[in-house]
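Protein sequences, first through last, are from chains A and B.
Under the working numbering, think of the first position of the first sequence as 1, with each following residue one higher.
Under the working numbering, think of the first position of the second sequence as 488, with each following residue one higher.
Worksheet for the structure shown next.
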Amino acid sequence: MSTPGPSAEDTAFHSPPGGFAPPPQTKSGRTAELWLTLFAIAVVFAALVIVEVAMEQHLTWDLAKYAAAYTVLMVLAHLVIRRFAPYADPIMLPIVALLNGLGLVLIHRLDLADEETQAFLGNPEPGSDANQQIIWTLIGLICFAVVLYFLRDHRVLSSYSYTLGLAGLVLLIIPALLPAQFSQVNGGRNWIRFAGFSIQPGEFAKILIIVFAAAFLVSKKDLFTTAGKHVFGLDVPRARDLAPLLVAVVLAIGIAVLNKDLGFALLIFGTILVMIYVATDRASWLFIGIGLFLLAATAAYFMFDHFRERVEVWLDPFATYNTSGYQISQALFGFATGGLAGTGLGSGQPNTVPFAKTDFIMATVGEELGLIGMAAVLMLFAVLVIRGLRTALAVRDSFGKLLAAGLAFTLAFQLFVVVGGVTKLIPLTGLTTPFMSYGGSSLLANYILLAILVRISDEARRPPEAPARRNPTPIGDAPTEMVRRVE
Amino acid sequence: MNTPMRRVAMLVMAMVVVLLAGVTYLQVFKADELRADPRNQRVLVDEYSRQRGQISADGQVLAASTETDDRFKFLRVYPENPNAPTSPEANAPVTGFYSLNYASSGLEKAEDQILSGSDDRLFGNRLFDLVSGRNPRGGNVETTINPVLQQVAYDQLTAQDLTGSVVALDPRTGAILAMVSAPSYDPNLLAGHDGSEVAENWNRLHTDPRSPMLNRAISQTYPPGSTFKVVTSAAALEDGATINDPLTAAAGLTLPGTNTVLHNYADERCGPGDTVPMIEAFARSCNAAFAELGIKYGADALRDTAEDFGFGPDTPSIPLPVADSTVGTIPDAAALGQSSIGQRDVALTPLQNAVIAATVANGGVRMQPYLVDELEGPDLKTLSTTSPTSPGQAIPPDVAGELTEMMIASEQDTTGAGSVPGVQIASKTGTAEHGSTPKQTPPHGWYIAFAPAQNPVIAVAVIVEDGGNAGLSATGGKIASPIGRAVIEAAVQGGQ
Chain A
1 MSTPGPSAED
11 TAFHSPPGGF
21 APPPQTKSGR
31 TAELWLTLFA
41 IAVVFAALVI
51 VEVAMEQHLT
61 WDLAKYAAAY
71 TVLMVLAHLV
81 IRRFAPYADP
91 IMLPIVALLN
101 GLGLVLIHRL
111 DLADEETQAF
121 LGNPEPGSDA
131 NQQIIWTLIG
141 LICFAVVLYF
151 LRDHRVLSSY
161 SYTLGLAGLV
171 LLIIPALLPA
181 QFSQVNGGRN
191 WIRFAGFSIQ
201 PGEFAKILII
211 VFAAAFLVSK
221 KDLFTTAGKH
231 VFGLDVPRAR
241 DLAPLLVAVV
251 LAIGIAVLNK
261 DLGFALLIFG
271 TILVMIYVAT
281 DRASWLFIGI
291 GLFLLAATAA
301 YFMFDHFRER
311 VEVWLDPFAT
321 YNTSGYQISQ
331 ALFGFATGGL
341 AGTGLGSGQP
351 NTVPFAKTDF
361 IMATVGEELG
371 LIGMAAVLML
381 FAVLVIRGLR
391 TALAVRDSFG
401 KLLAAGLAFT
411 LAFQLFVVVG
421 GVTKLIPLTG
431 LTTPFMSYGG
441 SSLLANYILL
451 AILVRISDEA
461 RRPPEAPARR
471 NPTPIGDAPT
481 EMVRRVE
Chain B
488 MNTPMRRVAM
498 LVMAMVVVLL
508 AGVTYLQVFK
518 ADELRADPRN
528 QRVLVDEYSR
538 QRGQISADGQ
548 VLAASTETDD
558 RFKFLRVYPE
568 NPNAPTSPEA
578 NAPVTGFYSL
588 NYASSGLEKA
598 EDQILSGSDD
608 RLFGNRLFDL
618 VSGRNPRGGN
628 VETTINPVLQ
638 QVAYDQLTAQ
648 DLTGSVVALD
658 PRTGAILAMV
668 SAPSYDPNLL
678 AGHDGSEVAE
688 NWNRLHTDPR
698 SPMLNRAISQ
708 TYPPGSTFKV
718 VTSAAALEDG
728 ATINDPLTAA
738 AGLTLPGTNT
748 VLHNYADERC
758 GPGDTVPMIE
768 AFARSCNAAF
778 AELGIKYGAD
788 ALRDTAEDFG
798 FGPDTPSIPL
808 PVADSTVGTI
818 PDAAALGQSS
828 IGQRDVALTP
838 LQNAVIAATV
848 ANGGVRMQPY
858 LVDELEGPDL
868 KTLSTTSPTS
878 PGQAIPPDVA
888 GELTEMMIAS
898 EQDTTGAGSV
908 PGVQIASKTG
918 TAEHGSTPKQ
928 TPPHGWYIAF
938 APAQNPVIAV
948 AVIVEDGGNA
958 GLSATGGKIA
968 SPIGRAVIEA
978 AVQGGQ
């Protein structure tokens, strides 16, 4: 921070002339968080009731089961924050709880539709994905708690930046090296699957690479803002200053493209680009990045058949209605049928869209909750991201700033790519909607992301007079700096 | 670092705004187009969940929606009423079917906007339902069908297991009183909610060689055979002929420019003399005489008169789509001779043949046939009533009178059972050859008629395909006229 902290005199209590004013209160926000979380639980409970009534014409035990499990999990999450990050932003958890709960309701709703379809075809009842999603939520929240428990100071992460970055790359490479039967799902080789267990390493690699990029950019920031060259009216830093980050990003994107995971490539590219811009305050980077992106996209269009197909499906999904355009066509029909107010939960047919529970969960929102529901969900995400960016503004250390900004932006960008994809605004890439889509990797990774954001916000909102952290960074883990930089 | 961060926050808000704009475009501005896409089966399911309106005929329900406790909420039912003469099979060509899997046909399709409640005229109702929280309901369609006639006509065909069609019109208005096609099908088979069962029924109906789902009354065209002599006569009478003009009584006529001889039925002479008056040739349905008459007055006269009767492209819907009737190309005099007796390329729908009879009955004024009497809102309030329309005077009244006289003579000369006591009928039979080996293929039997001859209340057209039960020896008089007379009897005794 360039602004110096308030001096001792400034923080001292002054009585206003002619009256008495209480000292400024520092609110932890925990009570607000509890109420907001309970509100989210109430909304989810109501949504479950609507689904059950619309689809089963009566209430079932599923309702009690999901409502109870979800309530316990979210209240526990609140208690975890209360215990380990008492000054954290009080808005983040309730928003995530609402998104997660809404996702759960929609998955349960699609489960019921699947059951109907299978019963119609005379097949045995399929397994319940909502049950699975509850378990993933539980594991996600355990990860959330573990991160908050062990990561008492987010700055610790910067000391492991290279290790974490490398781990991210290794995670990404594994599927490419594994035989296809262990890594391929629906044409994209971006999974690790063995013994009935499967993870999508990209989701985790994304966070690790963002941590690495934040630490790296902070340590080199001064160098490439000052030692840059001036080319064609743009400030271009020296390549060697950026080399490790460029190598990491190019590798990550290269692997993703080879694995046909275009969504991830786009996500990592956009996020790192914005982080570089934030770190350097040089808009030139954005222009260079967008230029590179356009070049790469053009090249990919001519080089890769599957990429060309995506673009063609995007331009006219109805031309290939019976094959590659079917999914997006069905999603568009869903959005149109939903209209302004939606068909109501449980009263549409979102299950006609392939992968409605994962990549296309927002199509279900659009169909059953309409434009109003879409706007509500988008605003929830917007508020979550803005709270993340607000945390980045408020936190005092550069690493925390950049990390929070990167994590918050990647959420926003992922949302943009997913929703833009399913609404035919941009070509479709396979990405999940954070916290809402069905899937363990996505949920786990995003809860870890949330934990880091919550940790940074706790740091940012901790009042100056609050007692020092009980567990200061062990000297062995502290960054090896003679003088701590005060920015 | 904070300045670019604030800009990133702006960027995030911009991205959300762009997404919202995109979604708004999709869900508000593009929605109607996408909803109307025939591949979008969601709308159908959505409409299935609404209470669809009724199709009725003279107070009897032909199609209705009943509440069910499954997810579609309403089942489309075509009731079989044991106490009243309606059967779903008889009404199928009128109602059509309404299926979750296979869309719809008939009035279910043509009046879908009203029945489903999405018609603009029902906007007020929809708005009210939205505000009051009541489930939206569709409007009702009241048809012009007389259920008694409809059932009599259908029973007449099916009692002998015939393939064919009957159309009955009110000649004064053009209202369609009966429109049946046999064999038929039960639309309930396609309306069920059990997808696999419906699919099975659908496949069975579609692979049935007798095409039970074909609406023969309006979707199929046939050679009219001798019934077309009404049009040929009308063309001649309009151009100055009289009903007593002498025509050849020879048993056959060698077509000009060919060696082909056009024979009378059973190769009989048309009376004892060399010539025969037109009215007698009409009554005895002599082919040679009418080929001669047609050639004398020319192809243009024949074609013009046929067009006045309603032949030609762009046949208006009723509101069900109607196949075009045609006189075909008439390249030379030989072709004209054949066309004049309703053979060669002349092809018409049973509805069109009924229109010909109705036009003569109505003093030469052709009325546009229609099937929908009234559209009503869910509250039974009338939205619109069909007023009869006429495309104009097809033939002068005196020509119509002369044709009536000839048709009365024809009826008196026609064999076949079922005269109606006390009612004078004017009619014309037809026995139409068809197929690649016409002499070996049982002919189609036709009967067009109206009654009472001097004050007509009903005009009918009957076709029985492929000789009915009479095989090669079938004639229109033998196989089709009893059916037509039964319908006429039901009409005049039913207080029409």
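Here a beta-carbon is modelled for each residue, glycine too, at the ideal position from N, C-alpha and C.
Computed from a predicted model, the values in this text were never measured in an experiment.
| query | result |
| --- | --- |
| Buried or exposed by the 16-neighbour rule on C-beta atoms within 10 Å, applied to Q980 (chain B) | exposed |
| Contacting positions in the region 358-387 of chain A - beta carbon closer than 7 Å to chain B | G366, G370, L371, M374, A375, L378, A382, V385 and I386 |
| 8 Å Cβ cut-off: residues of chain A touching R697 (chain B) | Per Cβ cutoff of 8 Å: no residues; R697 (chain B) is ~31 Å from chain A at best. |
| Where the region 904-930 of chain B meets chain A: residues whose CB sits under 9 Å from a CB there | none |
| Alpha-carbon spacing of V96 (chain A) relative to T137 (chain A), whole angstroms | 11 Å |
| For N746 (chain B), the first and last residue of its enclosing beta strand (DSSP E) | Note, N746 (chain B): premise wrong, no beta strand (DSSP E); not H, not E. |
| Residue-level contact to chain B via CB, G338 (chain A), 9 Å cutoff | yes |
| Contact belief for L664 (chain B) with I945 (chain B) at Cβ below 8 Å, rounded distance in angstroms | 7 Å |
| Local Cβ density within 10 Å of N956 (chain B), reported as buried at 16 or more and exposed below that | exposed |
| Where M984 (chain B) falls, given that 16 or more other Cβ within 10 Å makes a residue buried | Not covered by the structure: residue 984 (chain B). The range shown for chain B is 488 to 983. |
| Chain A within 9 Å of M488 (chain B), Cβ atoms only | yes |
| Beta-carbon gap between A977 (chain B) and V530 (chain B) smaller than 9 Å | no |
| Contact with chain B by A488 (chain A), beta-carbon distance below 9 Å | The requested residue 488 (chain A) is not part of the displayed model; chain A covers only 1 to 487. |
| Straight-line Cα distance separating F333 (chain A) from F216 (chain A) | 46 Å |
| Unbroken beta strand (DSSP E) run spanning N131 (chain A), endpoints | No beta strand (DSSP E) contains N131 (chain A), which is instead part of the alpha helix (DSSP H) from D129 to F150. |
| Beta carbon proximity, T423 (chain A) to chain B, threshold 9 Å | yes |
| Alpha-carbon spacing of V515 (chain B) relative to V365 (chain A), whole angstroms | 15 Å |
| Endpoints, alpha helix (DSSP H) assigned at A331 (chain A) | Y326 to G338 |
| For N702 (chain B), three-class secondary structure by DSSP | coil |
| N627 (chain B) - partner residues in DSSP beta bridges | B:E863 |
| Proximal chain B residues relative to S398 (chain A), where beta-carbon distance stays under 8 Å | M488 |
| Cβ contact (3+ pairs, closer than 8 Å) linking the region 859-867 of chain B and the region 727-743 of chain B | no |
| Top-ranked residue by Cα proximity to A848 (chain B), from B:N633, B:S772 and B:F796 | B:F796 |
| Secondary structure, alpha helix (DSSP H): runs of 4+ residues fully inside the region 867-952 of chain B | 884-900 |
| For T573 (chain B), three-class secondary structure by DSSP | strand |
| Supposed close pair A296 (chain A), F307 (chain A) - CB separation, criterion 8 Å | Actually they are not in contact, since the Cβ atoms of A296 (chain A) and F307 (chain A) sit about 10 Å apart, beyond 8 Å. |
| Which residues DSSP lists as bridging N568 (chain B), in chain order | B:T573 |
| Residues near A88 (chain A) by beta carbon distance below 6 Å, same chain, minus five either side | I81, V454, S457 and D458 |
| Limits of the alpha helix (DSSP H) - the one that T71 (chain A) falls within | W61 to F84 |
| CA nearest to the CA of L497 (chain A), picked from A:W191, A:L369 and A:L157 | In this structure chain A extends from 1 to 487, so residue 497 (chain A) is not present and cannot be described. |
| Neighbour flag for P710 (chain B) against chain A, beta carbons, 9 Å | no |
| Partners in chain B for A279 (chain A), counting only beta-carbon separations shorter than 9 Å | M488 and P491 |
| Whether I805 (chain B) touches P856 (chain B) by CB criterion (9 Å) | yes |
| Cut-off 6 Å between Cβ atoms - residues of its own chain near P94 (chain A), not counting five sequence neighbours on either side | L36, T37 and A40 |
| Short CB-CB distance (under 9 Å) between E598 (chain B) and chain A | no |
| Residue range of the beta strand (DSSP E) that includes V653 (chain B) | G651 to L656 |
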